[in-house]
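Here the structure is laid out as structure tokens; the discussion comes afterwards.
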Amino acid sequence: MDYFDTNLMLSDEDLALKASVHKFAETVMRPAAKELDEKGPLEAVAEDSPLWIFLRKAFELGYHAAGFPEAVGGLGLTPLQWHIVMEEMGWGSFGLSIQLGAISMVPLAALLSNNPALIEEFVIPYCRCVDGSIRGCWAATDPDHGSDGLGFGEPFHSSPESRSSCRAVRDGDHWVISGQKSAWISGGPVATHCLLYCQTDPSRGFAGSGCAIVPLNLSGCSRGKPLAKLGMKDLAQTELYFDDVRIPARYMILDNPEAYQFMSDQYLACANIGVACYATGLARAAFEEAFGYCNERIQGGRLLRDQYSMKQRIFAMFGRVEACRALTRNTVAMNMSIFPAFTEYAIAAKTAATEMAFQNAHEAIQILGANGLTKEYLPEKLFRDARTSLIADGNTEVLQRYGGQRIFDTYPRNRSTIARIGG
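For the sequence shown, our numbering gives the first residue as 17, with consecutive numbering after it.
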């Protein structure tokens, strides 16, 4: 279902892009997501899985490079166009959208490093790839320490007693990596590379961390079984293991605590706003399912749409979609135009949009009644995906704590200190 866009200044190019991505979401993403949702975790990543059809088509159309500038082979989209793409993909499938977003984390980190050699090695080949053969993942969380990495400013974060389960030691022109990352590594089962968070200075706890690009075909790299979970079953996740894996020193993008905190904050801002856009699409999908049902279902001799309470409930769902879109678009427009990005605004968008998406998915099931609990209707999957979104890419409460700290540190922002990209 199409929607009315309150931005009356959309160009013909914007509208054509919107129609093209919507068609992809409807004809490629939704069928693949439905099939993947019914498969087991191992089946979902098998060679004949629809996951690969989705990835090949997404790469063929260039959607994997939607957030990259033309100078490195990306689509060079405006912030508004990027938002349009992300929302439509979230409408198609929240899990597959996260999958495609995770794939881009390695080249994104290489691009943000501003290192010409890394850009040449990891960014340009990725953007030029048209068959889905280059796939990254974001290996941030440790087993039993999922949220500890976001503990910037908390006493435990810099305590020597806070020991990561994945560490890197300098050895001449190389770093040697040992340990494990958690089972929640999005894209891990199918990745060719990973953006790895690892402890480089144990005396400083989690604050003594670094960030490296690790090709997963190196000796000593292995992965566990794909994870079975409640929602986002179309998103492949698994743990990663490193047994004395040697990487060139140049692959350690961040090797000092100050740079690590600054850039991991930027990675979080990029990831959170992407998830917020996907959640906007999910909230819209739930609204549309309920809206369509109200126009068809007769109860008590009348269509649901003609019943007083239903008008109020549908309007509340509509309002949440519009609120999600307004907040996420404003945040995208700002954060894609400045550097560094303002993480607290990305966190606000992510936590608000995922909460409203969950509310809409819940309400869609209530409106459909018993039908909403069956796999014959989409809201059942939307509900599970929306519930998962409240934890994915940062638990809501943990993100709010970190966002609150950022607000106390920076509020109100000073316009005169903002560095505009290209300005």
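The C-beta atom is built at its ideal place from N, Cα and C for all residues, glycine as well.
Note that the structure is predicted; figures quoted are calculated from it, not measured.
#1: Can you check the segment 280 to 365 for any alpha helix (DSSP H) of at least 4 residues that lies completely inside it and give the ranges in chain order?
#2: With C-beta atoms as the reference, is Phe258 less than 8 Å away from Ile193?
#3: Since Arg422 and Glu360 should fall inside the 8 Å C-beta cutoff, what is the C-beta to C-beta distance between them, to a whole number of angstroms?
#4: In this structure, does DSSP put Val146 in helix, strand or coil?
#5: Whole angstroms are fine: how far does the CA of Pro242 sit from the CA of Gln253?
#6: Just grab the DSSP bridge partners of Lys197 for me.
#7: Taking one C-beta from the segment 342 to 351 and one from the segment 362 to 379 each time, how about it: are there three or more such pairs within less than 8 Å?
#8: In or out: Met248 buried (at least 16 other Cβ within 10 Å) or exposed?
#9: Roughly how many whole angstroms lie between the Cα atoms of Tyr16 and Ser27?
#10: For Lys39, count neighbouring Cβ atoms within 10 angstroms of its own Cβ and tell me buried if that reaches 16, exposed if not.
#11: Checking the sheet assignment: what are the DSSP bridge partners for Ala275?
#12: Between which two residues does the beta strand (DSSP E) harbouring Tyr213 extend?
#13: Got a sec, what are the start and stop residues for the alpha helix (DSSP H) Met102 sits in?
#14: Assuming Lys197 and Glu255 form a contact by the criterion Cβ under 8 Å, report the distance between their Cβ atoms to the nearest whole angstrom.
#15: Looking at Glu104: is its Cβ nearer than 8 Å to the Cβ of Ala41?
#16: Since Pro447 sits in a beta bridge, which residues does DSSP pair it with?
#17: Determine whether the beta carbon atoms of Ala332 and Phe374 lie at a separation below 8 Å.
#18: Can you give me the start and stop residues for the alpha helix (DSSP H) that Met121 sits inside?
Short version:
#1: 324 to 351
#2: yes
#3: 4 Å
#4: coil
#5: 5 Å
#6: Leu256
#7: yes
#8: buried
#9: No answer is possible for residue 16: the residues shown for the chain start at 17 and end at 439.
#10: exposed
#11: Per DSSP, none; premise fails for Ala275.
#12: His209 to Gln215
#13: Pro95 to Gly108
#14: 6 Å
#15: yes
#16: In the structure displayed, the chain extends from 17 to 439; residue 447 sits before or after that span and is not available.
#17: no
#18: Met121 to Ser129
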